[in-house]
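Those protein sequences? They're chains A and B, same order as listed. Take the first sequence: its letters are residues 1 to 426, numbered as in the numbering used here. Take the second sequence: its letters are residues 427 to 1084, numbered as in the numbering used here. Since the structure comes first, as structure tokens, the remarks are kept for the end.
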Amino acid sequence: MSAIDNQMNRRRFLKRTFPVGAMLLAPQIVAPSVLGKGGGVAPSERVVLGGIGIGGRGSYVLGCFLQEPDVRFVAIAEVKAQRRQAVKQMADTRYGNTDCATYRDLRELLARSDIDAVLIATGPNWHAAASMLAARAGKDVYCEKPCAKTIMDSLALADTFRRTGRVFQAGTQRRSLPNFAYAVDLARRGRLGKLKTVHAHPAGLETKMSGWLPAETEPPKEEVDWDLYLGPAAWRPFNRRLLDGFNFEKGGGMVGGGCLEWGSHCVDLCQWANDTDDTAPIEYERKGDRLHARYANGVELVVRNDGWLPLGSCPVRFEGETGWVETGDNGDLVASDDALLAGKGVRISGYPADFHVRNFLDCVKTRGQPRANADVACWSHITCNAANIALFLDRKVQYDPKKNEFINDEEANRLRGEAWREPWQA
Amino acid sequence: MKHYISRVGQLVSLALFTASAVALGPARAAMLDLDAPAAERQQKLIALIKSDAQPAEKALALKQLAICGTADAVPALAGFLGSEEFSTWARIALEVIPGPAPDEALRAALTTVQGRPLIGVISSIGVRRDPKSAYPLITKLRHPDAQVVSAAAIALGHIGGDSAARALEIALAETSGATRSAIAEGCILCAERWRAEGQAAKAMALYDTVRKADVPQQRVAEATRGAILARGSDGTALLLEQLRSPDKAVYSIALRAARELPGTQVTEALASAVKQLAPDRQWRVLLALADRRDDAVLPAVKAFAKDGPAELRVTALNVLEHVGDTSCIPLLIDAATVDDRAVTQAAKASLASLHTGNVDAELLRLLPQAAGKQRQVLVETASARRIESAIPAVLRYAADADAGLRKAAFEALATLGGPKEMGAVVDLLKSATPQDRDALEQALLAISGRSGAALAPTLMPLAGHSDPSLRAVGLHALAAVGGPEALAAVREAVDDQEPSVQDDAVRTLSTWPNNWPDDNGIAEPLLALAKSGRKPMHQVLGLRGYLQYLQGTKNLGNDEKLAKVREAMPLMKSPDQKQLAAAVLGAIPAPGAMEMLVGFAGDADTAEAACSALTALAVKDAPEFTKDQRRKALQTVLEKSKNDGTRKRAGEALKKIQ
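Take a look at the structure:
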């Protein structure tokens, strides 16, 4: 069985066997006319896709896009020559031609009027800036996480996509997986009783600052365009050790990445479970080696690395007055009462992104909001960034989600944003 | 606090890379000491950035002034605004230091800084939204550098207000070329702010100017959205007009605006307009309508779900899953019984997931009183929603004359049934027609799998039934419940008078499911079958089952498993049996297993399976093996295997050992 067959079968299986939680995970409805006769795709329904900054993770997600029959990938913009060529080869192999165009500068790709949407997997330093550039250029965006490295960037991201009307999907693909949706469904439908506490795994809370390394001889721009690689980050001399896009300038201001790494997944799921996709906690405080936050509705968010059941990476746990549920990337669910798990449906492990990609593509066609749209991503990233600020200041901070400022706390408020390097402009 | 780095530690980590590059100057200690008074830190940081310290130190010191900097630090920070290397580091602090001093410094820099850093200065003014900078920025709209003009336009958009908006509007009228897009964007930003502040008329006028201007399609789309929203409910006409636009970008943003413009009147107008649109737009507008949140949505969707054109009806039925409530149940049941597959599927899917109101209670109320095809729909829905209270009604329908209804009931029993229903299902099976038997067997197996060994006695009458085919069903169900009693019954059936039942019993034993390691009793009958089964096939199945048992059981130690594999060796007559034995040995971390596998590797029929198993054993640094034993095993693999993957793994492992 081919990978595509396998994927399609899994999708059908998911649709057929996942009645509970369907409220949360139901696919975006697309009319049958979107698909032509014999499963072919009408040209008007084809999504022409470009890629911006595609490395390891990006190649996986791009693979998910390439499997979709209504996607045509036509161009890659990447500052590293080796990766540019690798992505071109991947696309050309898929289509059996040599048509995939390559660009060093993302602005050239974004200037193409034939491209409808872009996959952005540059590394966190560029995510917000590239997403906003793309939206302003009239492209829909699927962007890997973390999507914004400061509170201000989070707000600007949501504002830009609202104003431009473009579709945005954060690469938080657990929003499209049945075990997480089922657990969230239990919490939101009150089957755990009144929700009390939501727990998120951050994959460490350490700050990772990229700093300034000794200057090395800068390679030719065609090999690595250092200026474009730095993008909105403050200038520093070339050093090959900083070329790890995954970690370069992951967090903004003075507070570093902190809980953004998995928080953008797990805190996001907690926000979903608490029905607080449009706000953030109002209080944050470090307690021991954990971060505790409290929402206006009284629910507590606990960000912790330890004490999890062995359910794989990125676990979450939701506790109500009468029950609890915990799940993670191995696809299993554990609950206080087995009866809560009746009808949990198909188990999918390994956190695949194909369902999430499909949801994005469907929304490109309907102009509906994907599961991890810009507003959803904005608030989960604000929560993570505010948590990082509390950790950095090592004291309790209070946040006003309506004004988007820390209350009577100039010190914290100074950490909400970080200037972008010219010519990039938020 | 092992997971945390303290504030001081965080800055230490911030500086770690720097530390490798430069010798730390005397000011470094103060730079890192966050617990020192802010004024003291500020003075030391200012001194550092004014000194001839290394560039890395200066950069980080500039950034740290974002935390403790005041107006006192601004002149020193401003000194870096013209530097391509340090401008951003300085602006990080200047953007967040409160008070007028940073605004004044940035404003002054507009006249002194040139080139790329000037764009940064303009951006920071935009971030700070300094109204006094509006005029100097307006002058930059005529700057010869297009990037400066564009940056100024965006910054003016962020500052907003009458002067900025008027200047941008004039620039839009007078300017041509690459900057028009940014100027239009500046206008839109001004209009967005006015709209947010309730100055709808001013916003509307500016949006209209942009959407009618010769600017890129995306700007027109943004202005169109704003123009619709700024008009409030009066924007409905413009919205409907744009939904008919031939311009894809404008039509697309109208679909977004259709979700945003509030009011029941808007919803009603959209509902009225849907059928007048091109077919490929109708369902998309209906989806947009369904995403709205007002009282007019549900009646509109229900109307399309009842008798809309085909594709629209299907979309509406799908949408009811999200926006519907109990009032939609009769409509959905009716739709689920029509002769259009797309319609019935959509209706059934929505019935399965409808969640607003007490849906299950309403379905239970309707279940006993339904008639015709509706009964089948309700049974299927009860099954899909896992409504256990529906079981009594489902059992009644399982004996109905309608074959379709019976089938739905059997499938519902498979989903919902528990130990209490097992007897009833057994009774149904005994009197079932041949056509019903498969579905009922599936129901019985599903229930058995959920019931456990205690229910074995309930199945005995079936396992002893006079009809051989029913006896076979009984054996399968016994395997599903498991336990010693069930095992004994299946083992007894190996000697059944009917050959087909004997075969079924052997097959059932050989795949005894698979409560291992709990069902240890399976080993002895499987070995007996392997040794003296009635037919050759029984012996083959017995041996295969026995080897699989050895592979899976956790009740035997490594030496015991090894002994049993050795004991079974004489029974292995075919290569595939030996290959299976090799797989078993590959899971036994014992030197004896390795030795046996080395032997297997010398036989062409079993060489690859043995090499694969040997590699699996030898790559792990298990305490049971010496390095010599592992080395010898891996060398054997390199010598005997023809599989590149296996050889590669073995070669890599061998290198690590050596």
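Glycine included, each C-beta is placed from N, C-alpha and C at the ideal position.
Under the three-state DSSP convention, the category residue i falls into
i	result
Thr172/A	coil
His891/B	coil
Cys143/A	strand
Leu205/A	coil
Lys1066/B	helix
Asp362/A	helix
His569/B	coil
Lys1053/B	helix
Arg1073/B	helix
Leu866/B	helix
Phe406/A	strand
Val118/A	strand
Glu418/A	coil
Arg433/B	Confidence in Arg433/B is poor, its pLDDT being 46 and thus under 50, which makes the residue's placement too unreliable to answer from.
Ile76/A	strand
Gly307/A	coil
Cβ-Cβ separation, residue j to residue i (assumed contact under 8 Å), whole Å
i	j	result
Leu594/B	Ile580/B	Rounded, the Cβ-Cβ distance is 10 Å, inconsistent with contact.
Ala111/A	Cys100/A	Ala111/A to Cys100/A, Cβ: 17 Å. No contact.
Ala824/B	Ala835/B	4 Å
Leu598/B	Arg592/B	Incorrect: roughly 11 Å between the Cβ atoms, too far for contact.
Ala203/A	Trp262/A	4 Å
Ala931/B	Leu973/B	So it is not a contact: roughly 19 Å between Cβ atoms.
Arg57/A	Ala128/A	At roughly 17 Å, the Cβ-Cβ gap does not stay under 8 Å, so Arg57/A and Ala128/A are not in contact.
Gly55/A	Arg83/A	6 Å
Leu743/B	Leu724/B	13 Å between Cβ atoms; not a contact.
Ile1014/B	Tyr975/B	Not really, about 14 Å apart at Cβ, beyond 8 Å.
Val118/A	Gly165/A	Contact doesn't hold; Cβ gap of about 16 Å is too wide.
Thr1041/B	Ala1076/B	5 Å
Interface partners of residue i on chain A, CB under 7 Å
i	result
Ser874/B	Correct list: empty, because the minimum Cβ distance to chain A is about 17 Å.
Leu681/B	Arg367
Asp717/B	Gly368
Gln643/B	Gly138
Contact list for residue i against chain B, beta-carbon separation under 8 Å
i	result
Gln173/A	What Gln173/A touches in chain B: nothing, since even the nearest Cβ is about 22 Å away.
Gly417/A	Glu521, Val522, Val553
Cβ of residue i within 8 Å of any chain E Cβ
i	result
Gly257/A	In summary, chain E is missing from the structure at hand, where the protein chains are A and B.
Per-residue contacts from residue i into chain A (C-beta, under 8 Å)
i	result
Ala647/B	Gly138, Thr164, Gly165
Gly1077/B	By Cβ distance, chain A contributes nothing, its closest Cβ being about 26 Å from Gly1077/B, past 8 Å.
Arg412/B	Nothing in the structure corresponds to residue 412/B, since chain B is present only between 427 and 1084.
Amino acids of chain B, ordered along the chain, whose beta-carbon sits closer than 9 Å to that of residue i
i	result
Thr276/A	Chain B residues near Thr276/A: none, gap ~18 Å exceeds 9 Å.
Ala387/A	Correct list: empty, because the minimum Cβ distance to chain B is about 12 Å.
Ala440/A	Nothing in the structure corresponds to residue 440/A, since chain A is present only between 1 and 426.
Chain-ordered neighbours of residue i on chain B, where CB pairs are closer than 7 Å
i	result
Arg188/A	Simply none; closest approach about 10 Å.
Glu410/A	Pro524
Arg414/A	Ala492, Ile493, Val522
Near the ligand COA: residue i beta-carbon under 7 Å from a heavy atom
i	result
Pro672/B	Annotation note on the ligand COA: not contained in the displayed structure, which lists no ligands.
Does the segment 376-384 of chain A come close enough to the segment 280-295 of chain A that 3 or more CB-CB pairs lie under 8 Å? yes
Report the residue ranges of all beta strand (DSSP E) runs contained in full by the segment 766-792 of chain B; include only those spanning at least 3 residues, in chain order. none
Can you list the alpha helix (DSSP H) stretches of 4 or more residues lying completely in the segment 944-1017 of chain B, in chain order? 949-958, 962-978, 984-994, 1001-1011
Unbroken alpha helix (DSSP H) runs of length 4 or more, entirely within the segment 150-202 of chain A: which are they? 151-164, 178-188
Secondary structure, beta strand (DSSP E): runs of 3+ residues fully inside the segment 500-529 of chain B: none
Between the segment 185-205 of chain A and the segment 267-284 of chain A, do at least 3 Cβ pairs fall closer than 8 Å? yes
Would you be able to state if there are at least three C-beta pairs under 8 Å between the segment 345-352 of chain A and the segment 229-240 of chain A? no
For the segment 553-572 of chain B against the segment 525-532 of chain B, do three or more pairs of beta-carbon atoms, one drawn from each stretch, fall closer than 8 Å, so that the two count as touching? yes
Give, in chain order, every unbroken run of the alpha helix (DSSP H) that is at least 4 residues long and sits entirely within the segment 218-268 of chain A. 226-230
Mind the definition here: the segment 765-776 of chain B touches the segment 739-754 of chain B only if three or more C-beta pairs lie below 8 Å; say whether that holds. yes
List in chain order: all unbroken alpha helix (DSSP H) runs of 4+ residues lying wholly within the segment 678-728 of chain B. 690-700, 705-716
If we count Cβ pairs, one from each stretch, closer than 8 Å, do we get three or more for the segment 183-193 of chain A versus the segment 310-327 of chain A? yes
Given 8 Å, three or more beta-carbon pairs between the segment 168-175 of chain A and the segment 128-145 of chain A: yes
For the segment 689-698 of chain B and the segment 671-680 of chain B, state whether three or more C-beta atom pairs, one from each stretch, are separated by less than 8 Å. no
At 4 residues or longer, what runs of the alpha helix (DSSP H) sit wholly inside the segment 1014-1040 of chain B? 1017-1027
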